[in-house]
Amino acid sequence: GSIEKKMGINASPTCVMHYNEAKGWLVGDLHKGMKAMFIMMNGARLMVGVQGLGIAEIAYQSALHYAKERLQGRSLKEAKNSDKPADPILVHPEIRKNLLKIKTLTEGLRGLMAWTGLQVDISKMEKDKFKKQHADDWVALMTPILKSFSTEVGCEAANLALQIYGGHGYIRDHGIEQLVRDARIAPIYEGTNGIQALDLVGRKMPAHTGRLLKSFFHVVKEYLEKNSFNYNLSEFIPPLVKSFGRLQQVTSFIASKGLNNPDEAAGPATDYLKMFSLVAIGYVWTQYAEISFNKQNDDPEGFYKAKIASGKYYMLKILPETGSIMSSILSGAKYYNDFDDEYFDSGFIL
Numbered sequence: 001g002s003i004e005k006k007m008g009i010n011a012s013p014t015c016v017m018h019y020n021e022a023k024g025w026l027v028g029d030l031h032k033g034m035k036a037m038f039i040m041m042n043g044a045r046l047m048v049g050v051q052g053l054g055i056a057e058i059a060y061q062s063a064l065h066y067a068k069e070r071l072q073g074r075s076l077k078e079a080k081n082s083d084k085p086a087d088p089i090l091v092h093p094e095i096r097k098n099l100l101k102i103k104t105l106t107e108g109l110r111g112l113m114a115w116t117g118l119q120v121d122i123s124k125m126e127k128d129k130f131k132k133q134h135a136d137d138w139v140a141l142m143t144p145i146l147k148s149f150s151t152e153v154g155c156e157a158a159n160l161a162l163q164i165y166g167g168h169g170y171i172r173d174h175g176i177e178q179l180v181r182d183a184r185i186a187p188i189y190e191g192t193n194g195i196q197a198l199d200l201v202g203r204k205m206p207a208h209t210g211r212l213l214k215s216f217f218h219v220v221k222e223y224l225e226k227n228s229f230n231y232n233l234s235e236f237i238p239p240l241v242k243s244f245g246r247l248q249q250v251t252s253f254i255a256s257k258g259l260n261n262p263d264e265a266a267g268p269a270t271d272y273l274k275m276f277s278l279v280a281i282g283y284v285w286t287q288y289a290e291i292s293f294n295k296q297n298d299d300p301e302g303f304y305k306a307k308i309a310s311g312k313y314y315m316l317k318i319l320p321e322t323g324s325i326m327s328s329i330l331s332g333a334k335y336y337n338d339f340d341d342e343y344f345d346s347g348f349i350l
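End of the sequence shown = 350 in the UniProt record's numbering, gap-free, step of one.
Set out below in structure tokens:
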């Protein structure tokens, strides 16, 4: 055997092992091991999602600190630091957009994970069988979503942070390039993100005649009906209603197409998982906003005002991505499923 030479996570001494003459002893009943393993794996997948969230958070904190202290250029509107040779790069729109993308995705995911963690406890300790079942269904549904989307966000956040650092991020002095390398394993191990998407579409969507999906859909629907006339949420409810409607439409489309051709469900699985994730985070941000509006008048540090402003950015700048995802999914899977294998080799310049 040998120590593996890896791209990242080099503190983990993963290695090749040879079991030449080793004997394996059966633990438990024959053909029951896989089922038992997946109990452990589902917990591990949630923890990998937490890993992705953690990377996104440290990427944000590092990039924000750098953007505040790095002086380069001037604000296009007016100089912010007229007594200094340049303004901090935080004044530039592109820097602000990148920071807000990391911030709003990270904060939204944190809320979704915290709620799912609570459901894990309820599913184990609750005495009421209906509440227990609902919590268990929620956790089962959210496991592939949190594992996959959180790790994608971790990778994107690390890359955006490196972009904010510019050349300083590309060298090793600041540690940002290590975040990029270390983050990249998370979408791969404990079940690749593509497998998580297939699990969502192929297992979780049809399970118990759609009962798992209902654990999310019914909750969001009831919340939207309850707050449909909430004036404070006028910039939150309409975008959530629109994106939630898109998710429902796409869910029905994939379910119906997949009955006749499994490839029609498998093809858009990763797009569907991303769309589901964006809507779920939009639901979290709307709840954040509801609480924050009620507390913003007693907010000396501006915590709740910042939550409202951050939420508006997410709802109006990131959540609309569900529209383009829906268009792509509804166009069907034939454009890649029916693509001739020989065409992949075309286009090379010889």
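We treat Cβ as the ideally placed atom computed from N, Cα and C, and that holds for glycine.
Computed from a prediction, not measured in an experiment: that's the story for all the values here.
Residue i (DSSP reduced to helix, strand or coil)
i	result
I3	strand
V16	strand
L90	helix
L71	strand
M41	helix
N10	coil
S331	coil
E235	coil
W25	coil
residue 352	Summary: the structure shown does not reach residue 352, with the chain confined to residues 1 through 350, and so no result is reported for it.
A186	coil
M34	helix
G191	coil
A229	Correcting the residue type first, residue 229 is Phe in the shown sequence and not Ala. F229 falls in the coil class under three-state DSSP.
M113	helix
Among the options, nearest to residue i - alpha-carbon criterion
i	options	result
L212	L330, W115, K77, Q133	Q133
A280	K334, F216, A255	F216
V91	K221, V16, I164, D298	I164
K6	D182, G52, A158	D182
T106	I291, G347, A333, G282	G282
E321	L240, G302, P262	L240
Y19	P13, V27, D29, G1	G1
A11	E94, Q178, P88	Q178
One or two residues paired with residue i in a DSSP bridge
i	result
L319	According to DSSP, L319 bridges with nothing at all.
L240	Answer is none; L240 lacks a bridge partner.
Rounded Cβ spacing between residue i and residue j (contact assumed at less than 8 angstroms)
i	j	result
I185	I9	6 angstroms
R74	A63	With 8 angstroms as the limit, R74 and A63 do not qualify as a contact, their Cβ atoms being about 21 angstroms apart.
M315	F244	Incorrect: roughly 12 angstroms between the Cβ atoms, too far for contact.
F293	N232	4 angstroms
K274	I325	6 angstroms
| If we count Cβ pairs, one from each stretch, closer than 8 angstroms, do we get three or more for the segment 185-203 versus the segment 226-240? | Touching, no, given that fewer than three Cβ pairs across the two stretches are closer than 8 angstroms.
| task | Determine, using beta-carbon pairs with one atom in the segment 98-111 and one in the segment 53-72, whether at least three such pairs fall under 8 angstroms. | result | Segments in contact, yes.
| request: Flag this pair as touching only if the segment 138-157 and the segment 42-57 have three or more C-beta atom pairs under 8 angstroms; answer yes or no. | output: By the Cβ criterion, the segment 138-157 is in contact with the segment 42-57, since at least three pairs of Cβ atoms, one from each stretch, lie closer than 8 angstroms.
| request: Spell out a yes or no on whether the segment 115-135 and the segment 76-84 are touching, meaning 3 or more CB-CB pairs, one atom from each, closer than 8 angstroms. | output: Taking 8 angstroms as the limit for Cβ pairs, the verdict is that the segment 76-84 does not touch the segment 115-135.
| query | Within the chosen definition, does the segment 122-130 reach the segment 29-38 through at least 3 CB pairs nearer than 8 angstroms? | reply | Result no; under three Cβ-Cβ pairs closer than 8 angstroms.
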